[in-house]
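Q:
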Amino acid sequence: VPQTSEDWFKKMKPEGRKQVNREMAKYRAGDVLAWHDLDRDGKITLEELEKTFTQWNVLLTRHNELKAIRKQKKDKKVIEKTKSLEEKYATKYRCGSEGAQQCPLVDSIKSKKGKSYKSVRWFLNDGEL
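With this note's numbering, the residue at position 100 of the sequence shown is 104, and numbering never jumps.
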């Protein structure tokens, strides 16, 4: 009995695979359109596209920077590096015009305590900006 979706896919006949691929492409396209249509009016404006591409690139850059820090698990400053990176992104992209001086998110990041990288894994799980 196949255990994974990949196993099931391999057992399918070619026509079944084509059908699955068509359906996946359709739903992925719908997801992409929904991501870019910020006001949900069924249209994607240049302004919406600029905002969503910027957000995507910020998230990807942040993810890659966190991933690089994550590889340094044995570095005793990994927690400080992670917090510093999160403060930077929170200040620039989430705190608005008030900046870090009056931003509860930055205060929350600064207050987090941890003795190991695993104790601050919440940094990696917060994907919103």
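Note that CB positions come from ideal geometry on N, CA and C, so glycine has one too. Since the structure is predicted, the reported quantities are computational estimates derived from the model, not experimental observations.
From this set, Gly34, Thr58 and Gln59, which residue's C-alpha is nearest Lys47's C-alpha?
A: When each option's Cα is compared against that of Lys47, the closest is Gly34.
Q: When the distance is taken between beta carbons, is Leu109 closer than 8 Å to Arg98?
A: In contact: Arg98 and Leu109 (Cβ atoms closer than 8 Å).
Q: Count the CB pairs spanning the segment 80-89 and the segment 64-71 that are closer than 8 Å, and state whether there are at least three.
A: The segment 80-89, when compared against the segment 64-71, does touch it at the 8 Å Cβ threshold.
Q: What is the C-beta distance between Val62 and Ile73, in whole angstroms, given that I count them as a contact (C-beta under 8 Å)?
A: Not a contact, Cβ separation roughly 17 Å.
Q: Helix, strand or coil for Thr49, going by three-state DSSP, please let me know.
A: Looking at Thr49 - three-state DSSP - the assignment turns out to be coil, as it is neither helix nor strand.
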